[in-house]
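In what follows, a single structure is set out as structure tokens and then discussed.
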Amino acid sequence: MTVDNIVLIGFMGTGKSSCGRELAYRLQWEFIEMDKDIERMAGVSIPEIFAQQGEVHFRDLETKVCRSLAQKHHTVISAGGGVIIRPENVQILRSFAFLILLTATPEEIYQRVLYDGTEKRPLLSKPDPMREIKNLLIVREPLYRAAADVQLKTKGKSPGEIASEIIELLRKRENLTC
């Protein structure tokens with residue numbers, strides 16, 4: 019079985035979007051950011067969805083996007099950090115893609131999301147973002163690991179280095195030609 023689609027999963031700030039863009043470029047595949055699709059579908063930003071309609075509504079939209087992506091081929095998808103919360107989403111994604119978990123330490127995640135700005139990350143707009151990261155990771159890490167076909171550590175690596183690792187892994191695993 020050859021890999022037809024790749025979904026990058028993991029906590030926010032682990033490099034899913036930057037690595038995904040680089041990987042898609044190298045494979046000459048399409049790149050899709052699930053969160054951007056959700057914003058297009060809703061007509062507002064993710065922070066606005068959370069503020070106006072709540073997390074449950076956001077997760078419903080996320081599931082709709084998962085279903086719509088099942089028709090894709092030769093696509094690298096950057097999944098939202100919480101996509102694995104719903105088992106249905108994992109089942110949908112696994113039905114059409116190879117899932118790669120990108121990981122980073124809580125400290126590295128914190129530095130990366132600070133660079134992005136916590137206003138773009140609704141779940142981190144709490145008084146103690148580092149504690150929130152650690153608490154969310156306690157809940158999500160087992161779900162990420164259970165969903166993933168493989169996992170890669172991103173600490174200290176550039177998007178290009180991670181993309182190279184993924185391509186090498188796929189070459190060995192699937193005899194992918196790129």
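First residue of the sequence shown: 19, per our numbering; consecutive thereafter.
Beta carbons are placed, not taken as given, at the ideal position from N, Cα and C, and that holds for glycine.
All values derive from a computational prediction rather than experimental measurement.
Presumed contact (8 angstroms Cβ cut-off) between residue i and residue j, rounded CB distance
i    : j    : result
G31  : A122 : 6 angstroms
I102 : I27  : 6 angstroms
I64  : E73  : So it is not a contact: roughly 10 angstroms between Cβ atoms.
Residue i: first and last residue of the uninterrupted beta strand (DSSP E) it sits in
i    : result
T121 : 116-121
I95  : 93-96
Length of the line joining the Cα atoms of residue i and residue j
i    : j    : result
K144 : K175 : 28 angstroms
F29  : E179 : 19 angstroms
Q89  : S113 : 10 angstroms
R39  : M148 : 27 angstroms
D55  : G98  : 11 angstroms
Segment limits, alpha helix (DSSP H) that includes residue i
i    : result
T81  : 64-87
V157 : 147-165
S176 : First-last for S176: undefined, no H or E at that position.
K171 : Premise fails: K171 lies in the beta strand (DSSP E), 168-171, not in any alpha helix (DSSP H).
I56  : 52-60
Identified DSSP bridge partners for residue i
i    : result
L187 : DSSP output for L187 lists no bridge partner at all.
Proximity test, residue i beta-carbon vs the ligand PLP heavy atom, cut-off 7 angstroms
i    : result
K173 : Of ligands this structure carries none, so the ligand PLP is not represented either.
Helix, strand or coil at residue i [DSSP, three-state]
i    : result
S143 : coil
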